[in-house]
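Worksheet: one structure, shown below.
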Amino acid sequence: MTTSFVGCDIRYDIRTPTTFLFNVTAAKTPGQCVVREGFSLTPEIAMQTFAMGPAGNQVHRFRVLPCAFRLRYEAVVTLNTGSDAAVDGSEQPYRDLPPDVVPYLNPSRFCESDLLGAFAQGEFGALEHGHSRVLAICEWIHQRIQYTVNSTTSHSTACDVLIQRLGVCRDFAHVGIALCRALGIPARYVSGYGPGVDPPDFHGFFEVFLGERWHRFDASKMAPVEGFIRIASGLDAADVPFATWIGSAVLTSKTVWAQPAR
13 MTTSFVGCDI RYDIRTPTTF LFNVTAAKTP GQCVVREGFS LTPEIAMQTF
63 AMGPAGNQVH RFRVLPCAFR LRYEAVVTLN TGSDAAVDGS EQPYRDLPPD
113 VVPYLNPSRF CESDLLGAFA QGEFGALEHG HSRVLAICEW IHQRIQYTVN
163 STTSHSTACD VLIQRLGVCR DFAHVGIALC RALGIPARYV SGYGPGVDPP
213 DFHGFFEVFL GERWHRFDAS KMAPVEGFIR IASGLDAADV PFATWIGSAV
263 LTSKTVWAQP AR
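Residue numbers for the sequence shown follow the working numbering, so the first one is 13 and each next one is one higher.
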């Protein structure tokens, strides 16, 4: 069991009336308990909170008039850090996958698994199936793709990253997801807070369905994946941005933290 203090402080210059959708709060799951949390907006604004998408990601929606706007979120979160390797890590036949897991085999905007079948089979097809094969995929990514800040854009896909061999955490996750799906292993993108990640920021990693549940992996190896705090999950990063808006807003600062609670 571990306890972490996580949060963010995000500021915008609002130019015209703007409607925001924020996705920054720690998820409440059987293995992740939000002990306490606080969410504040400056200036104070009425806010709507609801679950969105198949994963039930918690989002907050509100409208802001022109101003200097600030959002601050902080939480104390306790994790049950049981070992993934201690449970069933076998790959499940397509016919046996739960219906809600099947969509995570499909190619998506940033994970073009349909283009990587031959490549994935050539590199990983002969390996022992299961947890160890996904670990081998993560090691391959870690060894062959260089973590380089600002090396990609919000439009970069897994194939783009495989060609240029540079990327950031979301790119490492997208490549891992695409290769797993190309091998018939369901995989999904997860956004979260990463204690130990330096510099601190919203962190992207991925989960793979093995045995009868989801297991987390991080090919960037920036910090122990067992300590990551989940925010949201989806097919890829397009499903879980920390903020989207309609209007005119300029991000002026963003601070994210994730550290052991004292």
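By construction, the Cβ of each residue, glycine as well, lies at the ideal position given by its N, Cα and C atoms.
key: Beta-carbon proximity list for C63, same chain, < 7 Å, skipping 5 on both sides   = Reading off the sequence shown, one finds Ala at residue 63, where the question assumed Cys. N69, Q70, listed in sequence order.
query = Which one or two residues does DSSP pair with D108 in a beta bridge?
reply = Answer is none; D108 lacks a bridge partner.
Rounded straight-line distance, which links the Cα of E219 to that of C171 = Computed Cα separation, rounded: 19 Å.
message = Quick check on DSSP: helix, strand or coil for V202?
response = Looking at V202 - three-state DSSP - the assignment turns out to be strand.
inquiry  = Counting beta carbon pairs with one atom in the stretch 31-47 and one in the stretch 78-95, are three or more of them shorter than 8 Å?
reply    = Judged by Cβ distances under 8 Å, the stretch 78-95 makes contact with the stretch 31-47, as three or more pairs qualify.
query = Which residues in the same chain as A97 place their Cβ atom closer than 8 Å to its Cβ, once the five residues preceding and following it in sequence are excluded?
reply = With a pLDDT of only 46 at A97, under 50, the local geometry of the prediction cannot be trusted, and the value read off the model is given with reservation. Hits under 8 Å: H143.
inquiry  = In the DSSP output, which residue or residues are listed as bridge partners for C192?
reply    = According to DSSP, C192 shares a beta bridge with no other residue.
task = Tell me, please, whether the stretch 144-155 touches the stretch 224-240 by the rule of three or more beta-carbon pairs shorter than 8 Å.
result = Contact holds: three or more Cβ-Cβ distances are below 8 Å.
query = The beta strand (DSSP E) with E277 in it runs from where to where?
reply = Residue 277 lies beyond the residue range present for the chain, which begins at 13 and ends at 274; the question has no answer from this structure.
task = Rounded to whole angstroms, what's the CA-CA distance from E103 to A199? Just pull it up for me.
result = For E103 and A199, the distance between alpha carbons rounds to 11 Å.
message = Our contact map puts L147 next to Y201 with C-beta atoms below 8 Å; I'd like the distance itself, whole angstroms only.
response = 18 Å between Cβ atoms; not a contact.
inquiry  = Taking the straight line between their C-alpha atoms, what separation do you get for P115 and S245?
reply    = Computed Cα separation, rounded: 13 Å.
task = For Q60, I'd like the list of residues in its chain whose CB is within less than 8 Å of its CB, leaving aside the five on either flank, ordered along the chain.
result = If we look at Q60 and ignore the five residues flanking it on each side, its Cβ neighbours are H72, R73, F74.
task = Go through its chain and collect everything with a Cβ distance to Y24's Cβ below 7 Å, but skip five positions before and after it.
result = Exclusion of the five residues before and after Y24 leaves F81, A261, V262, L263, T264 as the residues of its chain whose Cβ lies within less than 7 Å of its Cβ.
query = Once you ignore the five residues that flank T267 on each side, which residues in its own chain have a CB closer than 7 Å to its CB?
reply = Around T267: C20, D21.
inquiry  = Using C-beta distances below 6 Å, list every residue in its chain close to Y205, excluding the 5 sequence neighbours before and after it, in chain order.
reply    = Excluding sequence neighbours, Y205 sits near V18, I241, A270.
key: Beta-carbon proximity of S203 to V180, cut-off 8 Å   = No. Outside cutoff.
message = Starting from E103, trace the beta strand (DSSP E) in both directions and tell me its first and last residue.
response = Neither: E103 is in no beta strand (DSSP E) and is coded neither H nor E.
query = Does DSSP classify D25 as helix, strand or coil?
reply = D25 falls in the strand class under three-state DSSP.
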